[in-house]
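All the letters of the sequence shown, read from the start, carry residue numbers 37 to 440 under this note's numbering.
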Amino acid sequence: MITIDEALERVLSHALPLLPIETPLADALGLVLAEDVANDIDSPPYDKSVMDGFAVQSTTVKAGDELVVIEEVVAGQLPTREVVAGTATRIMTGAPIPQGADAVLMVERTEMVPSASPPRVRLLQDVKAGQSIMRRAASMRRGETVLQAGRRLGGVEIGLLAEVGRARVKVRPRPSVAVLATGNELVDVDVVPAPGLIRNSNSPMLAALVEQAGGVVARLGIARDEAGELREKIDLGLRHDVLILSGGVSEGVLDLVPRVLAEAGVEPVFHKVQLKPGKPLWFGVRRWEGRTTLVFGLPGNPVSSLVCFQLFVLLALQALLGDRPSGLPRVAATLAAAHFQRGNRPTFWPAAWTGDGASRSIQPLAWQGSGDLRTLANADGLAFFPSGDRTYEVGEQVEMLYWR
């Protein structure tokens, strides 16, 4: 068996970013940029007002002056007249500053002179040069790099790309991930299990986790513990960037997955990790036609599958997407209850946050083992306990791997 860190290092050594593709901006949300992006125009492209008000010459006016209003300019229009001493242009937010003006006094600091013809405005306070004006290129200059390769694209980044005219961008594509559950005991979720059978909860859970991580899921259903059926579905899964199997990787008489994977040309990288739950984890790669498929054989117990996904598969997907793998947030957490750790493997134990603010701590839950998915649904994450037999007392600090 190898350690968790050794296993992760080996996984990431094979999880290289996928080759870039060009995609419409509307389809780029959540993907990682694969090119530096520069601005094609100054932003703003002209000096503009950031207030509704009056554009004036600051050096020729003071509070109490009355100015002739020579025109009105709204966003999307260009001024047609120059502001000179004794005049002002009524201007709306975002509109270009007229020639001759160097300041805008917000409308709330002015009042219109009643019945004046031509219309006049009275200034209620002094104004300084540059007031309420955003200068040309204050936000971005033409040719300036505004986003660098490696940036994950959220809503703000999409807006910025639109502002600089990028209708299409180069990104790392979403990895294609096949999910296959194995086992004679499995039935579909809409079936009432007969004695000795259980519903297939792993496939829906793993597919959802893949989608949360940004992957595209191919659901291959259930493969029985029979070499021919396993090989047929594994061959389908190996057409994708990642194949995730659950079950069939332990040492039972029907645990056929490693042998069938080898027959399909998958090179084993490791089998078994010093981890609880999740010890039987299997990982390998298949290289074909210039491509590499990452293959994860996860244990069949639901919690074991989840732990292995969060520790290894998730980070591999992040790497394929071009993200720097970070995994789930890990923090130091204080125990709200004593916990007895036993065994020669590091253990991840379901736990929930309790308390608020400075008194916040974690409560290890009454977990019934790697088949107990219900308790995991009530957990905020997993408390980490190193190998060895000892009691952790109330108030001790441990590491918390959390997802909620």
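Note that the Cβ used here is the ideal one computed from N, Cα and C, for glycine as well.
Just verifying my parser: in three-state terms, what is the DSSP assignment at residue i?
i, result
"ILE57", "strand"
"GLU71", "coil"
"HIS50", "helix"
"ARG145", "helix"
"GLU221", "coil"
"GLU118", "coil"
"ALA355", "helix"
"SER175", "coil"
"LEU44", "helix"
"THR95", "helix"
"ALA394", "helix"
"ALA62", "helix"
"ALA214", "strand"
"ILE133", "coil"
"ALA139", "strand"
"PHE185", "Per the sequence shown, residue 185 should be read as Ala rather than Phe. The answer is coil: DSSP assigns ALA185 none of H, G, I, E or B."
"GLN377", "strand"
Hey, could you find the ends of the beta strand (DSSP E) residue i is sitting in?
i, result
"ALA152", "No beta strand (DSSP E) holds ALA152; DSSP gives it neither H nor E."
"THR125", "123-127"
"VAL227", "Careful: VAL227 lies outside any beta strand (DSSP E) and carries neither H nor E."
"ILE194", "First-last for ILE194: 191-199, but that is the alpha helix (DSSP H), not the beta strand (DSSP E)."
"ARG449", "Residue 449 cannot be examined here, being either before or after the span of the chain that is shown, 37 to 440."
"GLU108", "102-109"
"TRP389", "383-390"
"ARG260", "Where ARG260 is concerned, there is no enclosing beta strand (DSSP E), given that its DSSP letter is neither H nor E."
"LYS206", "204-208"
"LEU233", "Per DSSP, LEU233 belongs to no beta strand (DSSP E) and is neither H nor E."
Restricting to Cα atoms, I'd like to know which of the options is closest to residue i.
i, options, result
"ALA263", "ARG295, GLU247, ARG255 and PRO422", "ARG295"
"ASP425", "VAL278, SER395, GLN377 and TRP389", "GLN377"
"GLN404", "VAL339, GLY431 and LEU256", "VAL339"
"GLU193", "ALA64, ILE106 and ALA121", "ALA64"
"ARG396", "GLU432, LEU364 and THR411", "GLU432"
"GLU180", "VAL200, GLN161 and GLY191", "VAL200"
"GLN113", "GLY130, ILE106 and LEU48", "GLY130"
"GLN248", "THR39, TRP439 and VAL47", "TRP439"
"GLU144", "GLY136, LEU160 and SER153", "LEU160"
"GLY314", "TRP385, LEU401, ALA374 and VAL120", "TRP385"
"ALA91", "LEU103, ARG126 and ILE106", "ARG126"
"ALA419", "LEU364, GLY407 and ARG171", "LEU364"
"GLY251", "ILE40, GLY66, ILE38 and ARG46", "GLY66"
"TYR428", "ILE57, GLY136 and ALA369", "ALA369"
"ILE106", "VAL97, ALA99 and GLU118", "GLU118"
"LEU281", "GLN310, LEU317, GLU303 and VAL305", "LEU317"
"LYS84", "MET170, SER212, MET436 and GLY336", "MET170"
"GLY116", "GLU102, GLY136, GLY100 and LEU103", "Note on identity: in this sequence residue 116 is Thr, with Gly being the wrong assignment. The candidate whose alpha carbon is nearest that of THR116 is GLY136."
"ALA185", "ALA174, ALA74 and ALA51", "ALA74"
"GLY190", "LEU61, VAL140, ALA139 and LEU272", "LEU61"
"ASP226", "GLY232, VAL293, ASN236 and THR218", "ASN236"
Taking the alpha helix (DSSP H) that residue i falls in, what are its first and last residues?
i, result
"SER239", "238-248"
"PRO338", "338-344"
Mind reading off the beta-carbon distance from residue i to residue j? Whole number of angstroms is fine, and I expect it under 8 Å.
i, j, result
"ARG255", "SER239", "6 Å"
"MET142", "SER79", "Contact doesn't hold; Cβ gap of about 23 Å is too wide."
"GLY379", "LYS312", "6 Å"
"ARG322", "VAL331", "6 Å"
"ASP162", "LYS206", "Actually they are not in contact, since the Cβ atoms of ASP162 and LYS206 sit about 51 Å apart, beyond 8 Å."
Does residue i get closer than 8 Å to chain D when you measure Cβ to Cβ?
i, result
"GLU199", "Given the protein chain composition of this structure (a single chain), no chain D is represented."
Please give me, in chain order, every unbroken run of the beta strand (DSSP E) with length at least 3 that falls completely inside the segment 262-349. 278-282, 303-307, 318-324 and 327-334
At which residue ranges does the segment 399-436 contain complete beta strand (DSSP E) runs of 3 or more residues, listed in the order of the chain? 417-421 and 426-428
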